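Colleague:
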Amino acid sequence: MLNETLGIIGGTGWLGAAIAKAVLAKALVPTGNLIISNRSGSHPLAQQGACLVADNQDLVDRSEVVIIAVRPEHFASLNINATGKTVISLMAGITAQAIAAQTSASAVVRAMPNAAVEIGQSFTPWYCFAEVEAATKDLVQHLFECVGTAAEVQQEDFIDYLSALSGTGPAFPALLMTALANQAMVAGIPTDIAQLAAKNVVVNSSQLLANHDAQQMIDALVAYRGVTAAALQTMTQGHFEEQIGRALQAGAAVARRGLKA
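In numbering that gives the first Met the number 0, the protein residues as written are 0 to 260.
1. Can you tell me the Cα-Cα spacing of Met176 and Met184, whole angstroms?
2. Would you mind stating whether Val146 and Cys127 have Cβ atoms separated by less than 8 angstroms?
3. Considering Cα atoms alone, identify which of Val86, Gly48, Asn203 is closest to Gln101.
4. Mind listing, in chain order, the continuous beta strand (DSSP E) runs of no fewer than 3 residues lying wholly within the segment 107-183?
5. Work out the CA separation of Gly250 and Gly257 for me, nearest whole Å.
6. Nearest by alpha-carbon distance to Gln46: which of Ile34, Lys136, Arg38 is it?
7. Is Ala260 helix, strand or coil by DSSP?
8. Taking its Cβ as the centre, do 16 or more other Cβ atoms sit within 10 Å of Tyr223, making it buried, or is it exposed?
9. Rounded to the nearest angstrom, what separates Ala49 and Ala186 at their Cα positions?
10. Which of the three DSSP states is assigned to Ala81 in this structure?
11. Candidates Lys136, Thr94, Leu195: which alpha carbon is nearest Phe74's?
12. I'd like the list of long-range same chain contacts for Leu14, defined as Cβ closer than 7 angstroms, with 5 residues on each side in sequence excluded.
13. Using the C-alpha atoms, what's the distance from His42 back to Glu241?
14. According to DSSP, which residues form a beta bridge with Ile35?
15. Which stretch, first to last residue, makes up the beta strand (DSSP E) that contains Ile66?
16. Counting pairs of beta carbons, one from the segment 165-172 and one from the segment 138-156, are three or more of them closer than 8 angstroms?
17. Anyone know if the C-beta pair for Asn80 and Ile8 falls short of 8 angstroms?
18. Tell me which residues share the same chain as Ser105 and place their Cβ nearer than 6 angstroms to its Cβ, disregarding the 5 neighbours each side in the sequence.
19. Pull up the distance between the alpha-carbon of Ile158 and that of Ala134, whole angstroms please.
20. My output table needs one value for Val86: the three-state DSSP class, helix, strand or coil.
21. In terms of alpha-carbon separation, which member of Pro189, Tyr160, Gln194 lies closest to Ala173?
22. Quick check on DSSP: helix, strand or coil for Ala104?
23. Just verifying my parser: in three-state terms, what is the DSSP assignment at Ala219?
24. For Ser121, which residues of its own chain have a beta-carbon under 6 angstroms away from its beta-carbon, when the five flanking residues on both sides are left out?
25. Indicate whether Pro169 and Ala150 have their beta-carbon atoms separated by less than 8 angstroms.
26. In its own chain, which residues sit with a C-beta less than 8 angstroms from the C-beta of Ile192, not counting the 5 before and 5 after it?
27. Using alpha carbons as the reference points, say which of Leu138, Ala91, Gly119, Arg38 lies closest to Leu27.
28. Within the same chain, show all residues whose beta-carbon is closer than 6 angstroms to that of Ile66, passing over the 5 residues directly before and after it, in chain order.
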């Protein structure tokens, strides 16, 4: 358990609320040490132990660590003074320097969870701007371990790139599952069977990767020279990995460009 008071601006949105629920469920902070803000000052999270306020500056004044979980386009209108506080931003495309300049925070951390926070399976990379105390880093790591796994990265640019990779959460698997099902239906497979088969490949069979090296598994399947090998080789010859690379670069470019787009 951490002794700090944690405030979440946007704590009733989907991302902020998911983190708030995990913090409460895992008793990361003492009862009463989690403060969340929304316009009405009321929310079901209050029944679970969170303190709700309607004013963001009130939240900041009462918190030692402030999480900003709002949409990037709303940041410019977020008029808070976080002098002496640690601010953790979950916003894509807003640099740590910009956050520090606008909030006057003593420490700024950028982090990029994904939608899997809802099931405690997010991977959250995080980056510390300038000098951040070891105790603060420990707090950040423990915070995001409440909703999955987390790791510090040493360059802010990595956060922008990972926004397009791990930050997309289920997007790439969903695209693959849809493509597999659609192509099966083109081949005449009934819709329900096609969707069930595709879901099994993406959701169920992929669980084998939890305890196996992905490249070793690919190599073993290709070496077997069977049906799977033929499918994998066709994808490779179709520049599958290069397509993935272009997709990641496109997403990262948007993250780096931020609100200038």
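Ideal Cβ placement from N, Cα and C applies to all residues, glycine included. Everything numeric in this text was worked out from a predicted model, so none of it was measured.
Modeller: Inspection of the coordinates gives the following:
1. 12 angstroms
2. No; because the gap between Cβ atoms is not below 8 angstroms, this pair is not in contact.
3. Val86
4. Fully enclosed beta strand (DSSP E) runs of 3 or longer: 121-128, 147-151.
5. 11 angstroms
6. Ile34
7. For Ala260, the pLDDT reaches just 39, beneath the cut-off of 50, and the residue's location in the model is therefore unreliable, although a value from the coordinates is still provided. In this structure, Ala260 counts as coil in the three-state DSSP scheme.
8. exposed
9. Ala49 and Ala186: Cα-Cα distance of roughly 53 angstroms.
10. coil
11. Residue nearest to Phe74 within the set Lys136, Thr94, Leu195 is Thr94 (criterion: CA-CA distance).
12. Ala68, Leu89, Pro112, Val116
13. 46 angstroms
14. Ile7, Leu51
15. 64-67
16. no
17. no
18. Gly83
19. A direct Cα-to-Cα measurement between Ile158 and Ala134 gives close to 21 angstroms.
20. strand
21. Gln194
22. strand
23. helix
24. Excluding residues up to 5 positions away in sequence, Pro112, Asn113, Ala115, Val146, Gly147 lie with their Cβ nearer than 6 angstroms to the Cβ of Ser121 in the same chain.
25. no
26. Ala183
27. Leu138
28. Ile7, Ile87
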